[in-house]
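Student: Numbering (UniProt numbering), first residue to last: 1 to 191.
1) Measuring CA to CA, which of 13, 127 and 98 is closest to residue 150?
2) Can you tell which of 107, 93 and 118 has its C-alpha closest to the C-alpha of residue 101?
3) From residue 3 to residue 13, what does the alpha carbon distance come to, in whole angstroms?
4) Buried or exposed: residue 160, going by 16 or more other Cβ atoms within 10 Å of its Cβ?
5) From this set, 103, 72 and 93, which residue's C-alpha is nearest residue 87's C-alpha?
6) What is the rounded straight-line gap between the Cα of residue 15 and the Cα of residue 167?
7) Which residue wins for smallest C-alpha separation from residue 153, given the options 30, 99 and 24?
8) Quick one: grab the DSSP three-state call for residue 10.
9) DSSP three-state label for residue 119, please.
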């Protein structure tokens, strides 16, 4: 369910499908790196200003789905203009800072992004740019990332399927919002 908070900046309404806490798993595969399954937690929040704050933490999973070690962490800010152009500034834990540009698809919750600028610290791995696709599909958030280095052409390297994390407070709020004339048994409701 997509909710639009009353205090969400009006410019961000087209990005409301991103809001919330998300968790799930995906696959990481890039030449020179360990191929692995990973777990991920993502948060898109707002404070009333004209941007969404983004935080992502991922970790390597073993064959049983247990956390082994951190994989990547990102922190950024997402904006959108009246023409549905999206701008993202992002900092990664590996010493990379990126500026991404893209757009929100017409009539569907999908965002295509491409790096416009990349800055790296001396300690970071070689990296020259990337692409990302985010989509809201059947109430889930899915994404795929591509990257390139001086030695590897642009190719997919990470993708994940994330589910919305619902807090007990949200369930209580939704329950209180149900109409008073709900049938007593759950079966009657679905007939």
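Just so you know, even glycine gets a beta-carbon here, dropped at the ideal spot from N, CA and C.
Please read all numbers here as calculations on a predicted model, not as lab measurements.
Tutor: Well, looking at it:
1) Sequence index remark: in the chain shown, residue 150 carries index 150 (1-based). Comparing Cα positions, the closest option is 127.
2) One-based indexing of the chain shown puts residue 101 at position 101. Nearest of 107, 93 and 118 to residue 101, Cα basis: 118.
3) Here residue 3 refers to the residue found at position 3 of the chain shown. Here residue 13 refers to the residue found at position 13 of the chain shown. Those two C-alpha atoms are separated by around 10 Å.
4) To locate residue 160, count along the chain shown from 1; it is residue 160. By the 10 Å Cβ count, residue 160 comes out buried.
5) Locating residue 87 in the chain shown gives position 87, where the first residue counts as 1. Answer by Cα proximity: 103.
6) As a position in the chain shown, residue 15 is number 15, starting the count at 1. As a position in the chain shown, residue 167 is number 167, starting the count at 1. When rounded, the separation of the alpha-carbon atoms in residue 15 and residue 167 is 21 Å.
7) Indexing the chain shown from 1 puts residue 153 at position 153. Nearest of 30, 99 and 24 to residue 153, Cα basis: 30.
8) Mapped onto the chain shown, residue 10 falls at position 10. The answer is helix: DSSP assigns residue 10 an H, G or I state.
9) By one-based count along the chain shown, residue 119 stands at place 119. In the structure shown, residue 119 sits in a strand (DSSP, three-state: E or B).
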